Structures are given as structure tokens and as C-alpha cells.
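For the sequence shown, counting from 1, position 94 maps to 336 in the working numbering; every step adds exactly one. Where a beta carbon is used, it is the ideal one built from N, C-alpha and C, also for glycine. In this text the structure is predicted, and so the values were computed from the model without any measurement. The structure appears right after this line, and notes come after that.
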Amino acid sequence: MNNTSLPIYNSLNNANKKLKGSFHALPIQNLGKTKDVVLSEDFNARLSKIKELELSLTSPFFDSLTDPNKAIDESTNILKDMYGSDLSLFVTCGSTISNKIIIEAICKSSDKVLCQKGVHQSIYFSLKSQNSDVNYVQDLICNDDAYIYSADPQGIIDALVRAEEAGTPYTTLIINSQTYDGVCFDLQEFLPVVCERAKDIKNIVIDEAWGAWSTFDPKMKEKSAIQNALTLSKKYDVNFIVTHSVHKSLFALRQASIINVFGSEDCQAKVVGSHFRNHSTSPSYPILASTELALSHANQYAVQYSNRINEQCEYLKSFINDLNLFRCPSLTLEEEYLIQDPTKLWITCTTKLLSGAKIREILFNKYGIYISRYSHNSILLNLHHGISNELIGLLTNALCEIDKKYKTKNNLLNINVGDIANSFYILYPPGIPILTPGQTICNNVITKINQSIFDDTSLLIVEGN
Ligand SMILES: Cc1ncc(COP(=O)(O)O)c(C=O)c1O
């Protein structure tokens, strides 16, 4: 086998060599790139052994995921205690399958379902295959500039109440409680209103894929799904089913997901049955073991991680706002049931010349820093548990270099649309003048000149005619 016959292996290997750290998801991918990513000393040692657990053993030598009575049963009991849930299930094929498990368990064609529009594709497809009677509540746009949407909590409450009053109440509500863009439901405020006003609601499904961390966070836990599901399910006799993608924000392998159920035995039995039907019959034991490891680590070190993230966020805001080229805007959330995610930071560029896509490209190609979400003028940082202070230093250094480059060159290029050029302006490569003396400067030329600041082209300015 030669190198050219391994495109996937080679492509991932090359990207991995370049990568210094990711401000997206999967905190474990930052391990070994910079120091002090994890806070527990023995975590790395344990995680490094996990690939050896790629085994195909079942009961009585290990256990069965769908009919557990040994180690997996013991571990899910630990999770139940940790979350206070009535049922906790491991899923090793991502929250995509967790959502399918949940929807197939509780949504029948006779049910009336109200669903937030901004939910994951897995929810749409599962509702469709269940033939559910579903209405969607449109999301709100809370930042035109970057196309950031949030849920419309008041719209959801109004739709629930209207259906109650019309005598055709909804039985199931489905929401995405924390978007990747950084807008979260304040579930401590929202859910009690839903339970009070929509008396016929039986099931509330909360996809909190991005928020596994928030259960452990001293400030966010009261506003996120687990704590509220725990207090409200008994009080209002409502089933709450919560999904977390553990790999997105905690130190677990990719596709680690969990489902927590707070509710009736009937609901639990339906979810167990659907888990059995929909889960792969070859669950990944490394993912399973890494989920257990990640949750135990998060439970133990949550306060330290939260403090580190808060400090990093404050530091970044003041550093970035002191640069010429970048700003950290805060989102305007007018809804009383919404809050800003404290782990997400948008960085906006003050010049139209540098797009979000271009910043992202420079950060990865030149500095090995990976950003996922961007808009025409912004990039989004996800300050997850895998962001070390060293990585923050690499990022600020990169932004500072881009800023300096812009400032120096911009001072040299003090020309405006409508001016008459008195020099040759030559971009190399290819070495063809884009402006010659006597030519009137147009917008197109300014854009080309300014883009050369951030490209690998040199701009030669030669006086004369
Ligand atoms: C809100 C939401 N739910 C579910 C998923 C699916 O998660 P997974 O990638 O673990 O299958 C995603 C993926 O990004 C998501 O954003």
C-alpha cells in the first residue's frame, strides 16, 4: 500500500500534524497539543489505555449494553445517582441516534407534538418516520449580521396555551436547549411556565447536545436541563427526556452520548425498548469507557474548569477589544427566557476586507488553530474544557500578528476610491500592475490591494510613470 492509496488516513494525519488546538468540539483532540489541557493527573494515563479496550466481549465476561447486569449496570447506577435520574442510558452512536431512540419511544402518530424549529436534523427525520402530528415554532433572529438564531420561548408558550384553549392540546414538546451559536434557554424560568400553563403536556424532550458541561457548572446547572427536569417531573407528572453529546464538551471519544429520563415507569420502559431496537448491536467499548471517565472527571473538576473558562473569556474580551481589527460583541437577547452561553465568544472583524472564512483559513493554515462556526465578518470560539491557557496564548498571538500586519500595511496604503494613482501597484504573483500612474482608483482595486495584506501575495509600490 502506498501513500496515495490512503487518502482518508493521510488527510487526517496531515491535519492532525498541523493542529495546535480546536475551539470547536471534542476536547480530547486538544490533548498532547498544548500542556495542561486536563486538570487531573491520572486522566491522560487512563485515556491512553482506552484504545486497548476495543474488545468484543459480552456477558458473563463483560456485560451487555441493552440488557446490563454487571459493569454497565453498575456504571448506569452511578450516573443515575449523579444526575438524580430515573433512567440513564449510554449511547455510543452519537446524539443523532439518541434523538431517534427518544422520538421513536414517545411519539406516536396519534400524539400532538410541538417542536422548536431550530432542532437537529435527527429530530425532523425521526418525527417524519413516526408520522407524528407536529407543528414547528419558528426561531427568532437575534443577530442579523452573523445570522444567529435563538429559540422563541414566548412563541412556544403561546402555541401551547392556544392549543389548550382550543381543546386540542399538545402532548409532547421538543426543544434544543443550547445552540452552538451561544444562545441557551433559561430553563429555570421557562419550564415551570410551560408546566403550569400547558396542563396536558405529557413529555418534554430536551436536546442538550452541546450542554453536557452545564450540568456540572456551578452557575449554569440551575438553568440547564437536568436540575429542572429533576424538580419538575414529579411536581407536574411530566416525563422529561434529556440528551447530552458527551464528546462535544467533555473529554470523551467521538459519538459518546447519554440519555437521562425523569418520569414514569411506562416512559422508561418505552425508552429502554427503543434503545434496544435502535442502538448498534456492536456498541463501542472505548466510547463507553471514555464516557464514564469523562463524566467522572467533569463531576470532580467542574468548578476549576468553570473558573478557568470565565478567566479566559474575560481575558480574551479585554485583549481583543484593544486590537484595531477585532471586537467581541455581545448578543442582544430580549427574551426573558433566554441567556447567553458563557462559554461562547464571537469575534467580529472591523474591516470588510477580512471575512470570517478568511480569518478561519489564516488561523488554521498559519497557526494550527481550528474554528468551526463563522459568518461573513465573524468567527465563534467555543471555550470548552479542552482549551488550555497555552492555546489561548497561541490565539491571542495569532490575532495580534494579523492586527499588526493590517495596521502597518494600511498606513502605507493611504489611498481612497476616486484618487488618481501616482505609482505602479503590482501584486506578485503574478506581477501584473493592478494600478498604473494616472489611473482613477476604483473599489475593485482597493479590495484587491487590501486582500493582498492577508494573502501570500506581495504588493510592490513603484513610483514613477
Ligand atoms: C442540537 C444537536 N443535537 C444532536 C446532534 C447530533 O449529535 P452527534 O454528533 O453526537 O450525533 C447535534 C450535532 O451537532 C446537535 O447540534
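Test item: CB-CB of residue i and residue j under 9 Å
| i | j | result |
| --- | --- | --- |
| residue 321 | residue 537 | yes |
| residue 390 | residue 424 | yes |
| residue 305 | residue 426 | no |
| residue 343 | residue 365 | no |
| residue 356 | residue 289 | no |
| residue 329 | residue 503 | yes |
| residue 614 | residue 622 | yes |
| residue 378 | residue 359 | yes |
| residue 255 | residue 264 | no |
| residue 362 | residue 440 | no |
| residue 681 | residue 595 | no |
| residue 566 | residue 590 | no |
| residue 664 | residue 679 | yes |
| residue 350 | residue 609 | no |
| residue 421 | residue 388 | no |
| residue 431 | residue 465 | yes |
| residue 285 | residue 539 | yes |
| residue 522 | residue 334 | yes |
| residue 666 | residue 632 | no |
| residue 260 | residue 607 | yes |
| residue 569 | residue 268 | no |
| residue 598 | residue 617 | yes |
8 Å CB neighbourhood of residue i in its chain, flanking five on each side removed
| i | result |
| --- | --- |
| residue 442 | 406, 411, 412, 413 |
| residue 460 | 544, 545, 548 |
| residue 524 | 298 |
| residue 300 | 306 |
| residue 575 | 384, 392, 425, 581, 582 |
| residue 648 | 566, 567, 593, 596, 695, 696 |
| residue 380 | 359, 394, 397 |
| residue 602 | 613, 616, 621 |
| residue 513 | 329, 331, 343, 344, 347, 348, 483, 501, 503 |
Sequence-distant residues of its chain with Cβ nearer than 6 Å to residue i (five each side left out)
| i | result |
| --- | --- |
| residue 634 | 554 |
| residue 445 | 348, 414, 481 |
| residue 585 | 551, 625 |
| residue 383 | 391 |
| residue 270 | 493 |
| residue 376 | 355, 357, 369 |
| residue 373 | 351 |
Whole-Å CB distance - residue i paired with residue j, under 8 Å assumed
| i | j | result |
| --- | --- | --- |
| residue 579 | residue 395 | 4 Å |
| residue 448 | residue 417 | 6 Å |
| residue 548 | residue 276 | The Cβ separation is near 20 Å, so there is no contact. |
| residue 687 | residue 677 | 6 Å |
| residue 486 | residue 515 | No, residue 486 and residue 515 are not in contact; Cβ-Cβ is about 21 Å, not under 8 Å. |
| residue 637 | residue 611 | 6 Å |
| residue 699 | residue 670 | 6 Å |
| residue 600 | residue 696 | 6 Å |
| residue 282 | residue 510 | Not confirmed; about 33 Å, so no contact. |
| residue 641 | residue 691 | Not confirmed; about 22 Å, so no contact. |
Sequence-distant residues of the same chain with beta carbon closer than 7 Å to residue i, five excluded per side
| i | result |
| --- | --- |
| residue 193 | Past the boundaries of the shown model lies residue 193; the chain is included only from 243 to 707, so the question cannot be answered. |
| residue 533 | 332, 488, 494, 498, 500 |
| residue 468 | 325, 457, 484, 502 |
| residue 313 | 304, 305 |
| residue 341 | 362, 364, 365, 368, 449, 485 |
| residue 434 | 474 |
DSSP beta-bridge partners of residue i
| i | result |
| --- | --- |
| residue 275 | In DSSP, residue 275 forms no bridge with anything. |
| residue 482 | 446, 504 |
| residue 591 | 568 |
| residue 358 | 379 |
| residue 416 | 357, 447 |
| residue 631 | In the DSSP output, where bridge partners are listed per residue, residue 631 has none listed. |
| residue 391 | 383 |
| residue 620 | 590 |
| residue 331 | 501 |
| residue 426 | 420, 581 |
| residue 682 | 662 |
| residue 725 | Past the edges of the chain, shown from 243 to 707, lies residue 725, and the structure says nothing about it. |
| residue 675 | 668 |
| residue 704 | 666 |
Minimum Cβ-Cβ distance from residue i to chain D less than 9 Å
| i | result |
| --- | --- |
| residue 364 | The structure shown has no chain D; it contains just one protein chain. |
Review point. Between the region 453-473 and the region 325-336, do three or more beta carbon pairs fall short of 8 Å?
Key: Counting Cβ pairs under 8 Å, three or more are found: they touch.
Exercise for review: Specify whether the region 291-301 and the region 520-533 touch according to this definition: at least 3 beta carbon pairs, one from each stretch, less than 8 Å apart.
Suggested key: Segment contact: the region 291-301 against the region 520-533, three or more CB-CB distances shorter than 8 Å; contact assigned.
Review point. Does the region 489-504 come close enough to the region 622-631 that 3 or more CB-CB pairs lie under 8 Å?
Key: Yes, the region 622-631 is in contact with the region 489-504.
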